[in-house]
Amino acid sequence: MTEMVATEADFDHAPGLLDGAANLALTVEQCDLGYWFREVAQGTLRGRPLGYSGELVTPDYMREPGPLNEALRLELAYRSLDEEAATRVLAYYVTTAPDIPELEFFSTQLLDEARHHMIFRNHLLNVGVPKGELMDFVRRAGAEYQRRVLRPVQDFAITLVRDEGDFVGAVVAFAVIIEGVLAASTELSERKWGVLDPVAGEIARGAAIDEIRHLAVGSSYVRDHLIKHPEDRGHVLEVLRRGRQLWDQLEDEEFVMHRERLFQEGMQPHAEALRDYEIFPGRRLIDTTPQERWELAAKWNDDLADARLRFMGLPEAIDLLRAKAPRIL
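Residue numbers (the numbering used here): -3 to 325.
This is the structure we're talking about:
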């Protein structure tokens, strides 16, 4: 008899990332190692060891040189670097975890991020990057992005968790400043590529299911901590202010818009395949523009941050963070 998988971990029935991450409540105690082996390894990932079903194939046109191929290559390279950085940062969360529930949950999150690094990196092979040149391509394509966007974010989290020994502040940073931003990009990726490259769409879907869990647990952890320690409220708000200052310094727009312009050009020859496909109800993907998708990501970032901050009991931080999150992480 097949055991039922928890809804939030079910590949076919889990909510979309924006809805799930905004509304789901999970705790470190619930999402222990047993949960991960049962619901994730034997649930979400069943039949998808490389992040997608073996029945799916990448269309030949996705391997042809041109703007569509380049747009996906850049997106995968940046996401590979994001996930590699997250894996390395989370090693400090595991090392400094204050108790066993935190140790187990952040160990599973580290493994999730390492898996994401693998699936985004490996999909580059499906779109024509030679295996022997894979990581050289990723580091070369993402060098400026890593220097100007990713490294400052990585350093911020490391400063909190390793240098300042601020575990709760580090969880706030990951849940709101770092991974909270990733949610909109992951959702947009799934919707953009689902028709043009079903493999890329399914890879994004699987990553989104993990992100729902990470954001839900991180938000619950902060909420529960502030209920027990209301005197830490001012400190948590200060961490969010520091995160906002970091966002102000990031130069993400040129990276996003360059990629979106390539996508815009590359999807035009596939207008017939996209004819009836809506990126959201009432709006066809083929009719959207790079600027519109940029603004859509901003709106999703705001909506998600609003919901999670209210859930954490920090509504006063909403205006602080509104419309300033980067769109690329």
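All residues carry an ideal CB built from backbone N, CA and C; glycine is no exception. Since we're looking at a predicted model, the values are computed, not measured.
Query                                                                                                                                                                                               : Result
Under 8 angstroms by Cβ, that's how I've got Y89 and A166 pegged, so tell me the actual separation to the nearest angstrom.                                                                         : 6 angstroms
Figure out for me which residue from E79, F259 and Q287 has the closest Cα to the Cα of L68.                                                                                                        : F259
Within a Cβ cutoff of 7 angstroms, which residues of the same chain sit near G16, ignoring the five residues on either side of it in sequence?                                                      : E4, A10 and I208
For A313 versus L305, is the C-beta distance shorter than 8 angstroms?                                                                                                                              : yes
Any idea which residues DSSP pairs R280 with across the strands?                                                                                                                                    : E274
On the premise that T92 lies in contact with G202, defined as a C-beta separation below 8 angstroms, what is that separation, rounded to the nearest angstrom?                                      : Going by Cβ atoms, the distance from G202 to T92 rounds to 29 angstroms, so no, they are not a contact pair.
Would P286 and E249 be called neighbours here (beta carbons separated by less than 8 angstroms)?                                                                                                    : no
Taking the C-alpha atoms as reference points, what is the distance between A2 and S185?                                                                                                             : 24 angstroms
Are there 16 or more other CB atoms within 10 angstroms of the CB of V195, so buried, or fewer, so exposed?                                                                                         : buried
By Cβ distance, which residues of its chain are closer than 7 angstroms to V85, with the 5 residues on each side in sequence left out?                                                              : Q150, A153 and I154
Is the stretch 64 to 79 touching the stretch 123 to 133, taking contact as three or more C-beta pairs under 8 angstroms?                                                                            : yes
Could you round the C-beta distance between L242 and P148 to whole angstroms and report it? I think they count as a contact, below 8 angstroms.                                                     : 6 angstroms
Please go through the same chain and pick out, in chain order, the residues whose beta-carbon is closer than 6 angstroms to the beta-carbon of V164, but skip the five residues on each side of it. : H221
Rank A137, M253, S215 and P265 by C-alpha distance to the C-alpha of L326 and give the top, closest one.                                                                                            : The shown model of the chain, from -3 to 325, leaves out residue 326, and the question about it has no answer.
Quick test of your reading: V168 and N297, contact by CB under 8 angstroms. State the CB separation rounded to the nearest angstrom.                                                                : With 8 angstroms as the limit, V168 and N297 do not qualify as a contact, their Cβ atoms being about 16 angstroms apart.
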